[in-house]
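Numbering (the working numbering), first residue to last: 84 to 193.
The C-beta atom is built at its ideal place from N, Cα and C for all residues, glycine as well.
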């Protein structure tokens with residue numbers, strides 16, 4: 084009973100180098116949209132497109148460098164759980180918006 088907590092599971096923990104790479108990439112991917120928003124030199128549509136692209140790239144950087152989700156065998160369950168959760172949230176948000184737009188359209192038609 085005394086040795087019940089002595090078992091250590093080897094996880095896929097990152098090194099200081101990988102955390103620093105992730106941190107620097109996150110700073111860069113945050114600074115670019117901030118700079119675009121503060122100095123509106125590009126057309127609005129292009130600025131929004133770049134900001135959304137940087138956000139998607141930053142999500143991938145966080146998943147890889149901080150949550151250590153990769154294609155390794157140990158991470159398959161975590162990746163599949165994340166993908167299923169993403170699908171459920173996307174369906175929930177997308178279908179809720181569809182319902183709201185349909186209700187709005189029906190209410191405005193009368």
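- Comparing alpha carbon positions, the residue from 152, 105, 179, 136 closest to residue 119 is 136.
- With 16 or more other Cβ atoms from the protein chains shown falling within 10 Å of its own Cβ, residue 105 counts as buried.
- For the options 110, 123, 168, the alpha carbon positioned closest to that of residue 140 is the one of 110.
- Non-local beta-carbon contacts of residue 125 in its own chain, meaning distances under 7 Å to residues more than five positions away in sequence, involve 119 in chain order.
- Burial of residue 152 is indicated by the presence of at least 16 other C-beta atoms within 10 angstroms of its C-beta.
- For secondary structure counted as the beta strand (DSSP E) over 3 or more consecutive residues, the stretch 110-178 holds no complete run.
- Excluding the 5 residues flanking it on each side, residue 178 has no same chain C-beta neighbour closer than 7 Å.
- Per DSSP, reduced to three states, the secondary structure at residue 187 is helical.
- Rounded to whole angstroms, the Cβ separation of residue 123 and residue 130 is 7 Å, and the two are in contact under 8 Å.
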